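Trainee: Please find one structure pasted underneath; my questions will follow.
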Amino acid sequence: MRIDLPNPDKFKHIFDMTLDKSLSEKVDGISTDSRDIKEGDLYLAISGEKVDGHSFLEEVFAKGASTALVNKSIDNFKGKLIKVDDPVYAIGKIAKTWRDQFQIPVIGITGSNGKTSTKELLKYILSAKYDIHATEGNYNTSIGLPLTLLRLTEYHGVSILEMGANQPGDIEKLCKIAYPTHGLITNIAPAHLEGFGDIQTVANTKGELFKFLSNGLSFINAADNRVNDLETYGDTITFGLTSNCDYPTDLHHNNDGSIILTIDAEEIKTNSINLSFAKNVIACSTIASELGLSWEAIKDRILTSQPPKGRCEIKTNGQITVIDDTYNANVDSTIAAIDYLKAFGDNGITGTYIVEKKNSDEWIIDTFLLSCRIMGRGVEEIMMNQIIEKAKLSGIKRLKGEFIPTAKNKPAENFYEKLGFKKENKFWVFDTDNMMKKPEYIRVEKNE
């Protein structure tokens, strides 16, 4: 990860004040990766599970780094080193002080699915009125979020921060750095269960955002039971495909199959058949309306929006339509992809997680099966039940899982065979017509 600093002089002042240490050299950017270092950068030497950033100190200074934030004493080193207990915690403290300068809406977005697509749509809609500061790429972690905040300037009118979580406490930590004034939880689903263990822990962790907003505003999807059941401590605005909320929404379809929403009596054309996109529209329209955008501006932005890369991007050459949905997925988003593909009829291709629909009754499911299977916490049981049932109900007769030999998935063949798949060349094929009522599952432990 790397950023350019918008105001190096102000950063130096806040660095010195927050850490009570002198940043004597000018810093133009910050990097956590030795490969991305530019002249004048501050390098964060992070000690990870597999790689120790301190091993690259000579390399980063040779490339022109001005200073490195370290947590180890290194004798006779030729380069400016500033020692702290934890470089990640230190940059988080600096980012919090930086953020405290600005009295603007800071919107935190978390959830199991749809964080990035919702953030990008909201960014696009709000840009009709405000200069927007927002998370870029995967900068939504305890390292990436502070770097994102350090790009916030006095020219921005709203900040939109994506908040990711892999284990309990992650959202609370990010909130203590970012101090959001508004919060949205897109949904709660079984994702990253290797870190959470169960869905209730996922809910509790995502709910840390609402808990933090005791003096803020929480946007609540009233149609999502898990989100709706979370405790809130400040003001709330509710929305969703239900009549019992602040922004009640109805959904119907145009003659071409595209979805039309009626949100709080305002008709909004989506120009899309994607239900997941429609749900994002409801959330983003609610937030935009509360932040003062006119419905005319909201409607215009929705009609002209484009999906983020790898998230239901539609590509066509006039004969073949490809739906690129190759971004990282979990059970719920994979099932949503099945629904989305069904809306196109018999022709379509998607990538990676539902990688290919070769004809009207055959789909290939590839990496998604393997990535969930190696978690070793029973998530494969949830995943296989839901996906096989969904395939059967959707009229899909065959599922294919591709066995890609690696050190971590050696038990894959046994996994597929135990579930009732049959080997066909390099694929494992499952006939949903012959699906066992109660498949016998195995649990595959993650190899360290």
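Note that this note's numbering has the sequence shown beginning at 837, numbered continuously upward.
Every residue gets a Cβ at the ideal spot worked out from N, C-alpha and C, and that includes glycine.
Bear in mind that the values here come from a model prediction, so they are computed numbers and not experimental data.
#1: Can you give me the Cβ contacts of Gly947 inside the same chain, cut-off strictly under 6 Å, excluding the 5 residues immediately before and after it?
#2: Asn912: buried (16+ other C-beta within 10 angstroms of its C-beta) or exposed?
#3: Go ahead and label Asn949 buried or exposed: buried means 16 or more other beta carbons lie within 10 angstroms of its beta carbon, across all protein chains shown.
#4: Quick one: residues in its chain with C-beta nearer than 6 Å to the C-beta of Val896, no 5 flanking neighbours on either side, listed in chain order?
#5: To the nearest angstrom, report how far apart Glu972 and Thr984 are at their CA atoms.
#6: Since Glu1044 and Ile1007 are thought to touch, with beta carbons under 8 Å apart, how far apart are those beta carbons, to the nearest angstrom?
#7: When burial is assigned at 16 or more other CB atoms within 10 Å of the CB, is Val887 buried or exposed?
#8: Could you pull the start and end residues of the beta strand (DSSP E) that Ile866 belongs to?
#9: For Asn1090, which residues of its own chain have a beta-carbon under 6 Å away from its beta-carbon, when the five flanking residues on both sides are left out?
#10: Identify, in the order they occur along the chain, each residue of the same chain with its Cβ nearer than 8 Å to the Cβ of Ser1125, setting aside the five sequence neighbours on each side.
#11: Considering only their Cβ atoms, is the gap separating Tyr1015 from Val942 smaller than 9 Å?
#12: So, at 8 Å on beta carbons, what are the nonlocal neighbours of Lys951 in its own chain, with the 5 sequence-adjacent residues on each side left out?
#13: Hey, out of Lys899, Asp856, Leu1139, whose CA is closest to Thr1106's CA?
#14: Following the continuous alpha helix (DSSP H) through His890, name the residue where it begins and the one where it ends.
#15: Just verifying my parser: in three-state terms, what is the DSSP assignment at Glu1067?
#16: Where do the ends of the alpha helix (DSSP H) carrying Ala1133 lie?
#17: From the DSSP output, which residues share a beta bridge with Asp840?
#18: So which of Ile1109, Leu1129, Gly1128 has the shortest CA-CA distance to Pro1143?
#19: Report yes if the CB atom of Ala1025 is closer than 9 Å to the CB atom of Phe1075, and no otherwise.
#20: If you follow the beta strand (DSSP E) that Asn1057 is in, where does it begin and where does it stop?
#21: Figure out for me which residue from Thr868, Ile1123, Leu958 has the closest Cα to the Cα of Leu1053.
#22: By the three-class DSSP mapping on this structure, what secondary structure does Ser978 have?
#23: Return the chain-ordered list of same chain residues with a C-beta closer than 7 Å to the C-beta of Phe851, the five sequence neighbours on each side being excluded.
#24: Thinking Ile866 and Leu893 are a contact (beta carbons under 8 Å), I'd like their distance in whole angstroms, please.
#25: What residue range does the beta strand (DSSP E) around Pro1084 cover?
#26: Give me, in chain order, the residues of the same chain whose beta-carbon lies closer than 8 Å to that of Ile979; leave out the 5 immediate sequence neighbours on both sides.
#27: What does a CB cutoff of less than 8 Å around Lys1274 pick up in its chain, not counting 5 residues either side in sequence?
#28: CA-CA distance, Ser1079 and Leu1010?
#29: DSSP three-state label for Ser948, please.
#30: Is it buried or exposed, Trp934, if we count other Cβ atoms within 10 angstroms and call 16 or more buried?
#31: Which same chain residues end up closer than 6 Å to Asp1060 when comparing Cβ atoms and leaving out the 5 residues on each side of it in sequence?
#32: Look at the alpha carbon of Ile1081 and the alpha carbon of Ala970, and state the distance between them as a whole number of angstroms.
#33: At which residues does the alpha helix (DSSP H) containing Lys1042 begin and terminate?
#34: The alpha helix (DSSP H) with Leu1010 in it runs from where to where?
#35: By how many angstroms is the C-alpha of Asp936 removed from the C-alpha of Tyr1069?
Mentor: With the structure as the only source:
#1: Position 111 of the sequence shown holds residue 947. Cβ neighbours of Gly947 beyond the five flanking positions: Ile1021, Thr1022, Asn1023.
#2: Here residue 912 corresponds to residue number 76 of the sequence shown, with the count starting at 1. Asn912 is exposed by the Cβ-count criterion.
#3: The count along the sequence shown starts at 1 and reaches residue 949 at position 113. A buried status is given to Asn949, since no fewer than 16 other beta-carbon atoms sit within 10 Å of its beta-carbon.
#4: For the purposes of this step, residue 896 is identified with residue 60 of the sequence shown, where counting begins at 1. Result list for Val896: Ser870, Ile873, Tyr879, in chain order.
#5: Against the sequence shown, residue 972 aligns to sequence position 136. Against the sequence shown, residue 984 aligns to sequence position 148. Taking the straight line from one Cα to the other gives about 8 Å.
#6: In the sequence shown, residue 1044 corresponds to position 208, counting from 1. In the sequence shown, residue 1007 corresponds to position 171, counting from 1. At roughly 4 Å, the Cβ-Cβ gap stays under 8 Å, so Glu1044 and Ile1007 are in contact.
#7: The sequence position of residue 887 within the sequence shown is 51, counting from 1. In summary, Val887 is exposed, with fewer than 16 beta-carbon neighbours lying within 10 Å of its beta-carbon over all protein chains present.
#8: Indexing the sequence shown from 1 puts residue 866 at position 30. For Ile866, the enclosing beta strand (DSSP E) covers residues 865–867.
#9: Here residue 1090 refers to the residue found at position 254 of the sequence shown. Contacts found: Ile1096.
#10: Counted from its first residue, the sequence shown places residue 1125 at position 289. Once the five neighbours on either side are set aside, the close Cβ partners of Ser1125 are Tyr1083, Asp1100, Trp1131, Ile1134.
#11: The sequence position of residue 942 within the sequence shown is 106, counting from 1. The sequence position of residue 1015 within the sequence shown is 179, counting from 1. Going by C-beta atoms, Val942 is nearer than 9 Å to Tyr1015.
#12: What you label residue 951 is simply residue 115 of the sequence shown in a count that begins at 1. These residues qualify, in order along the chain: Ile945, Asn976, Glu998, Met999, Gly1000, Thr1022.
#13: As a working note, residue 1106 is residue 270 in the sequence shown. It is Leu1139.
#14: Taking the first residue of the sequence shown as 1, we reach residue 890 at position 54. Where His890 is concerned, there is no enclosing alpha helix (DSSP H), given that its DSSP letter is neither H nor E.
#15: Position 231 of the sequence shown, counted from the first residue, corresponds to residue 1067. Secondary structure at Glu1067: coil, using DSSP grouped into helix, strand and coil.
#16: Reading the sequence shown from its first residue, position 297 is the one you call residue 1133. 1131–1140 is the span of the alpha helix (DSSP H), which, as asked, contains Ala1133.
#17: Locating residue 840 in the sequence shown gives position 4, counting from the first residue. Note: Asp840 sits in a beta bridge opposite Gly865.
#18: On the sequence shown, residue 1143 is found 307 positions in, with the first residue counted as 1. Measuring C-alpha to C-alpha distances from Pro1143 to each of Ile1109, Leu1129, Gly1128 identifies Ile1109 as the nearest.
#19: Along the sequence shown, one-based indexing puts residue 1025 at 189. Along the sequence shown, one-based indexing puts residue 1075 at 239. Their beta carbons are not under 9 Å apart, which means Ala1025 does not touch Phe1075 by this criterion.
#20: Position 221 of the sequence shown, counted from the start, is the residue given in the question as residue 1057. Counting along the chain, the beta strand (DSSP E) containing Asn1057 begins and ends at 1053–1057.
#21: Position 217 of the sequence shown, counted from the start, is the residue given in the question as residue 1053. Relative to the Cα of Leu1053, the nearest Cα in the group Thr868, Ile1123, Leu958 belongs to Ile1123.
#22: Counting from one through the sequence shown, the residue named residue 978 turns up at place 142. Correct three-state label for Ser978: coil.
#23: As a position in the sequence shown, residue 851 is number 15, starting the count at 1. Excluding positions up to five away in sequence, the list reads Leu859, Ile930.
#24: Counting from 1 along the sequence shown, the entry for residue 866 is found at position 30. Counting from 1 along the sequence shown, the entry for residue 893 is found at position 57. With 8 Å as the limit, Ile866 and Leu893 do not qualify as a contact, their Cβ atoms being about 15 Å apart.
#25: Translated into the one-based positions of the sequence shown, residue 1084 becomes position 248. From DSSP, the beta strand (DSSP E) with Pro1084 extends over 1083–1089.
#26: Numbered from 1 along the sequence shown, position 143 holds the residue referred to as residue 979. So the qualifying residues of the chain are Met837, Thr868, Leu880, Ile882, Val924, Ile927.
#27: One-based indexing of the sequence shown puts residue 1274 at position 438. Note on Lys1274: pLDDT 33, under 50, position unreliable in the model; the coordinate value appears next. Around Lys1274: no qualifying Cβ.
#28: As a first step, residue 1079 must be located in the sequence shown, where it is residue number 243. As a first step, residue 1010 must be located in the sequence shown, where it is residue number 174. Cα to Cα, the separation comes out at about 33 Å.
#29: For the purposes of this step, residue 948 is taken as the residue at position 112 of the sequence shown. Reduced to three states, the DSSP call for Ser948 is coil.
#30: Locating residue 934 in the sequence shown gives position 98, where the first residue counts as 1. Buried, by the Cβ-count rule.
#31: Numbered from 1 along the sequence shown, position 224 holds the residue referred to as residue 1060. Cβ within range, chain order: Asn1023.
#32: In the sequence shown, the residue the question calls residue 1081 occupies position 245. In the sequence shown, the residue the question calls residue 970 occupies position 134. A small correction: the amino acid at residue 1081 is Cys; Ile does not occupy that position in the sequence shown. Here the alpha carbons of Ala970 and Cys1081 stand approximately 28 Å from one another.
#33: Looking up residue 1042 in the sequence shown gives position 206. Segment 1035–1042, the alpha helix (DSSP H) holding Lys1042.
#34: By 1-based counting over the sequence shown, the position of residue 1010 is 174. Here the alpha helix (DSSP H) through Leu1010 covers 1006–1014.
#35: Locating residue 1069 in the sequence shown gives position 233, counting from the first residue. Locating residue 936 in the sequence shown gives position 100, counting from the first residue. Straight-line spacing of the CA atoms in Tyr1069 and Asp936 works out to 22 Å.
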